[in-house]
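A short write-up of the structure that comes next.
Residue numbers (the working numbering): 597 to 922.
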């Protein structure tokens with residue numbers, strides 16, 4: 597069984613529910629999740645400040661200033677769609693997740709992918725938490741009031757508001773996710789964290805030198821706070837050469853992480869985005885959740901034991917979720 601620490605399925609849920617559909621997860625995605633052996637996942641709430649030609653353009657939330665409204669709608673759609681799916685359950689703690697798993701249901705946490713929507717309001721973190729979110733990234737790829745993302749100046753760090761946000765999240769037992777932070781903000785988080793942090797969907801910069809991936813020193817820093825790094829299947833983060841953008845190469849990322857920080861700190865955060873259109877494909881052999889088993893085939897070929905593969909599949913993230921969320 598597999599835990600996916602970063603799923604963008606809510607993008608498709610919101611798009612289709614806006615168009616009048618219901619039971620989107622059940623009708624359009626559940627079969628793939630089950631074929632891939634998913635026991636649980638984090639459903640990420642992501643909305644861009646620049647609406648452009650997205651599915652929000654003809655709605656009441658089309659204006660840039662309606663950013664918070666779009667976030668509210670996605671959270672609402674998530675709760676409604678999960679309630680309509682008998683074989684999935686929204687959970688808020690590891691205790692609830694374990695109970696759902698025991699009943700044969702796929703458990704789903706909610707996560708916030710970038711907090712620009714709340715502006716400079718630290719109270720917004722409380723709102724996210726009360727709305728059901730249990731993981732959170734301060735930023736996506738942009739610079740906001742809290743932090744700078746991977747698309748910004750590599751050396752800009754957390755603002756004072758960002759440091760307060762990290763403390764507030766951890767006081768509430770909300771899991772801090774450092775994927776999408778630039779290097780400066782990443783290191784500022786690591787200096788002040790009082791709990792394990794995760795990088796839910798980031799690979800190794802040593803094997804694919806892009807800003808969204810992590811250096812070996814960053815990997816070690818996450819290990820040192822007993823965190824976990826989730827392997828990302830998005831093709832552009834697997835290898836710079838399109839011929840090497842494969843499930844086999846992603847397995848090499850896992851092996852490198854295991855060599856640098858130990859297999860106890862490696863997990864899965866697949867970031868499947870195939871439903872977003874061209875340019876969002878997963879690596880060859882990992883195009884969607886139904887193909888997750890291909891990764892574990894290659895991990896076995898690299899010599900990883902059953903116990904090591906199970907840690908990567910679900911055990912390591914389970915440890916952190918239980919520690920932080922209870």
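Cβ coordinates follow ideal geometry from the N, Cα and C atoms, glycine included.
Give me, in chain order, the residues of the same chain whose beta-carbon lies closer than 8 Å to that of residue i; leave out the 5 immediate sequence neighbours on both sides.
i           : result
residue 759 : 784, 788
residue 757 : 716, 718, 741, 742
residue 755 : 741, 742, 743
Do you know offhand how far residue i's Cα is from residue j's?
i           : j           : result
residue 607 : residue 628 : 16 Å
residue 745 : residue 822 : 23 Å
residue 597 : residue 857 : 23 Å
residue 613 : residue 691 : 30 Å
residue 871 : residue 829 : 14 Å
residue 892 : residue 732 : 27 Å
residue 687 : residue 699 : 13 Å
residue 820 : residue 794 : 11 Å
residue 782 : residue 601 : 19 Å
residue 919 : residue 739 : 30 Å
residue 797 : residue 773 : 9 Å
residue 669 : residue 726 : 15 Å
residue 707 : residue 837 : 31 Å
residue 766 : residue 605 : 26 Å
residue 814 : residue 917 : 21 Å
Taking the alpha carbon of residue i as the point to measure from, which residue in the options has its own alpha carbon closest?
i           : options            : result
residue 914 : 612, 771, 732, 899 : 771
residue 554 : 641, 615, 603      : The chain is shown only over 597 to 922; residue 554 falls outside these bounds and no answer can be derived.
residue 622 : 680, 808, 714, 637 : 680
residue 851 : 900, 893, 865      : 900
residue 768 : 793, 722, 794      : 722
residue 882 : 903, 796, 869      : 869
residue 752 : 726, 734, 780      : 780
residue 792 : 861, 664, 879      : 861
residue 878 : 916, 898, 835, 920 : 835
residue 876 : 831, 922, 855      : 831
residue 911 : 655, 616, 637      : 637
residue 762 : 790, 749, 922, 848 : 790
residue 864 : 918, 725, 827      : 827
residue 655 : 616, 639, 735, 675 : 616
residue 671 : 895, 710, 728, 896 : 728
residue 640 : 695, 720, 694, 724 : 724
Output needed for residue i: all residues of its chain with C-beta closer than 7 Å, excluding positions within five of it in sequence on either side, in chain order.
i           : result
residue 575 : No statement about residue 575 is possible, as the shown extent of the chain runs from 597 to 922 and does not include it.
residue 737 : 745, 746, 747, 776
residue 649 : Note that residue 649 scores a pLDDT of 47, beneath 50, so its modelled location is shaky and nothing firm can be said.
residue 833 : 799, 804, 806, 808, 809
residue 859 : 904, 907, 908
residue 848 : 803
residue 764 : 718, 721
For a cutoff of 8 Å on Cβ pairs, would you count residue i as touching chain C?
i           : result
residue 870 : Of the protein chains in the structure, only one exists, and it is not chain C.
Leaving out five residues before and five after residue i in sequence, what residues of the same chain have Cβ atoms less than 6 Å from its Cβ?
i           : result
residue 619 : 680
residue 786 : 817
residue 713 : 663, 664, 667
residue 922 : 689
residue 585 : Residue 585 is absent from the model: the chain starts at 597 and stops at 922.
residue 677 : 609, 620, 621
Q: Could you tell me whether the stretch 872–887 touches the stretch 616–632, using the rule of 3 or more Cβ pairs below 8 Å?
A: yes
Q) Between the stretch 807–816 and the stretch 836–846, are three or more C-beta pairs nearer than 8 Å? A) no
Q) Which full runs of the alpha helix (DSSP H) of 4+ residues lie inside the stretch 843–919, going along the chain? A) 843–857, 888–897, 902–906
Q: Could you pull out every unbroken alpha helix (DSSP H) segment of at least 4 residues lying fully inside the stretch 715–793, listed in chain order?
A: 719–726, 756–767, 779–788
Q | Runs of beta strand (DSSP E) lying entirely within the stretch 658–701, each at least 3 residues, in chain order | A | 684–686
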